[in-house]
Amino acid sequence: MILLRNCFYVLTSGARSAHEARPGAADGRARPEAVPPGLAGVDILIDKNRITRIGRGIPAPAGAEVVDASRHVVIPGLVNTHHHFYQTLTRNLLAVQDAKLFDWLLYLYEVWKELDEEAVYWSSRLAIAELLKTGCTLTTDHHYLYPSGFKDDLPGLQFAAATQLGIRFAPTRGSMSRSKKDGGLPPDSTVQDEDRILAECEATIKKYHDPAPDSMRKVALAPCSPFSVSERSMRDSADLARRYGVRLHTHLAETADEDEFCSSMYGRRPLRLMEDCGFVGPDVWYAHGIHFNDEELDLLARTKTGVAHCPSSNMRLGSGICRVREMLDRGVQVGLAVDGSASNDASDMLGEARQALLLQRVRYGSGGITAREVFGIATEGGARILGYEKLGRIEEGWLADLALFDVMKLEYAGALSDPAAALLFCGYDHGADHVIVNGKLAVRDRRLVGADEEEIRMNSAKVSKRLLEKAGVAR
Ligand SMILES: [Zn+2]
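Going by the numbering used here, the letters in the sequence shown line up with residues 1247 to 1721, in that order.
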């Protein structure tokens, strides 16, 4: 049991509707609210993996760990809906710092084809460590590279890393089947044939997928993108996912180049191709979703298909600005994501929420998105996309995934009239003091509970150096 004592402020949930996000919007007048929705000075009791009581002066049960939260803003744990953990080992490479997506991919595939067991294990630990330390409690990963020399159980290595660090993990089993010889982008040695992909996807679901409402291990299927996967692979993955009741994910509508590729290769726009493959629906979410037109946004809303918004990556690669404002107004399910670390290049989840807040305003003006809406997509929105129900709010009976940030610091002084929004508008240190996942502390006093941070840093740096040397791009 854990008792969070005397929380300075609790953000019980992000905004779930435009009206919630803009109090007073209905009568056209903004209402000055001294204290925005949330709770101040309450205790939160966590028993097993659920929040069981929220109130003032809750007596500490025998044996409970009591955490003084009087300096903290407590938020529902942040949810990351798209990542490529292995890219932590190839971030910030000089040769592609200024490249756009297709050129960036062509260069990096030549490095990534050297990925081995050690690289997958240490990059997974590294990415998860960064996510946890910045308030993330549930993440997916999209690993789609299975080099021909790779023999070990790749998802098994990732699940081992997640279990050791204590994060809730809902990764995808990715795949690529269209290499250069078939008009795709990846090198031949990094793709698998369609039958093998299907067999390995099925084996991964059977071995690791736990469909329970409080699952710590879910599996989804994720053919990489229209330019690295055959149409047959897309269809087969959708059929297999439906047979096992698991979710589906892919990259879509990320760049204008992708539109051109799909028009010339398939004679269709990317979303039309997905529709034809049965790859739309409430069990599907796409990464990026920048270049959808109005009719396509309506289709996403109608079919309840989700989008993982990746603001930093989209800015870094100059891909464009996702129409999140219009998606939310249409009722499209949106989640937040840091994306892979070769295009962000940080797994900083709180920082990503700030980027989402600012980037929408570049496109739509200062009223483009509210802080509460950003928290809504970064918590409950992401949880829905990854297939969780009672996750993403601080309410009795909901799963105990929370993050505590100390706001009694220089950078928040003068900003606490709206304590939760201060985490997005202010600050330069996105590290959480405490992070609780499934009722257990995964970060305590700013340090990982389940791992030695220095060991992760040293091993990750060593493996990265070896990988770059092997690919001939070392410093
Ligand atoms: Zn991606």
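We put the beta carbon where it would ideally sit given N, CA and C, even for glycine.
Within 8 Å, strictly: CB atoms of S1476 and R1424: yes
Rounded C-alpha distance that separates M1247 from W1368: 31 Å
Sequence ranges, beta strand (DSSP E) only - wholly within the region 1527 to 1555, length at least 3: 1530 to 1534 and 1552 to 1555
Residue(s) in a DSSP beta bridge with I1321: A1649
H1497 Cβ short of 7 Å to ligand 1 heavy atom set: yes
Any non-hydrogen atom of ligand 1 within 7 Å of A1533 CB: yes
D1591: CB within 7 Å of a non-hydrogen atom of ligand 1: no
Cβ neighbour criterion (16 or more within 10 Å) applied to D1577: Going by the sequence as given, residue 1577 is Gly instead of Asp. Looking at its Cβ environment, which holds fewer than 16 other Cβ atoms inside 10 Å, G1577 is exposed.
Assigned exposure category for D1591 - 16 Cβ within 10 Å defines buried: buried
Ligand 1 heavy atom lying under 7 Å from the CB of D1544: no
Separation of L1604 from S1612, as counted between CA atoms: 9 Å
Neighbour-count burial assignment, G1552, 16 or more Cβ in a 10 Å radius: buried
Same chain only: Cβ atoms within 6 Å of P1278, ignoring 5 sequence neighbours per side: Here the model assigns P1278 a pLDDT of 49, short of 50, so the residue's position is not dependable, and the following value carries that caveat. Around P1278: no qualifying Cβ.
Complete beta strand (DSSP E) runs within the region 1596 to 1660 (minimum length 3 residues, chain order): 1648 to 1652
is_contact[W1644, chain C] using C-beta, thresh 8 Å: Chain labels in this structure do not include chain C; a single protein chain is all it has.
Stretch-stretch touch, CB-based, cutoff 8 Å, three pairs: the region 1495 to 1506 with the region 1454 to 1473: yes
DSSP three-state assignment for K1294, whether helix, strand or coil: coil
Inter-residue spacing [alpha-carbon to alpha-carbon] between V1620 and E1440: 39 Å
Beta-carbon gap between A1588 and H1537 smaller than 8 Å: no
Which of helix, strand or coil DSSP assigns to F1405: helix
Close-in-space but distant-in-sequence residues of the same chain around G1284 (CB under 7 Å, 5 per side omitted): Y1255, V1256, L1257, T1258 and A1666
Endpoints, beta strand (DSSP E) assigned at C1382: C1382 to T1385
Chain-order list of residues whose beta-carbon lies under 7 Å from that of D1505 (same chain, five-residue window excluded): R1515, P1516 and H1537
Proximity test, D1585 beta-carbon vs ligand 1 heavy atom, cut-off 7 Å: yes
Residues near A1661 by beta carbon distance below 6 Å, same chain, minus five either side: A1668 and C1672
Buried versus exposed, by CB contacts within 10 Å (16 or more), P1457: exposed
For A1407 and R1639, the rounded distance between their alpha carbons: 26 Å
M1704 classed as buried or exposed, judged by whether at least 16 other C-beta atoms fall within 10 angstroms: exposed
Cβ-heavy atom distance, H1328 to ligand 1, below 7 Å: yes
Where V1578 sits in the DSSP three-state scheme: coil
Residue from P1432, I1374, V1683 and D1434 with nearest C-alpha to P1417: I1374
Identified DSSP bridge partners for T1496: Y1532
Assigned secondary structure, L1662 (DSSP; H/G/I helix, E/B strand, else coil): coil
From I1631, G1260, D1482 and R1562, residue whose alpha carbon lies closest to that of I1321: G1260
Span separating the alpha-carbon of T1336 from that of G1301: 47 Å
Pair within 8 Å by beta-carbon distance, L1486 and R1419: no
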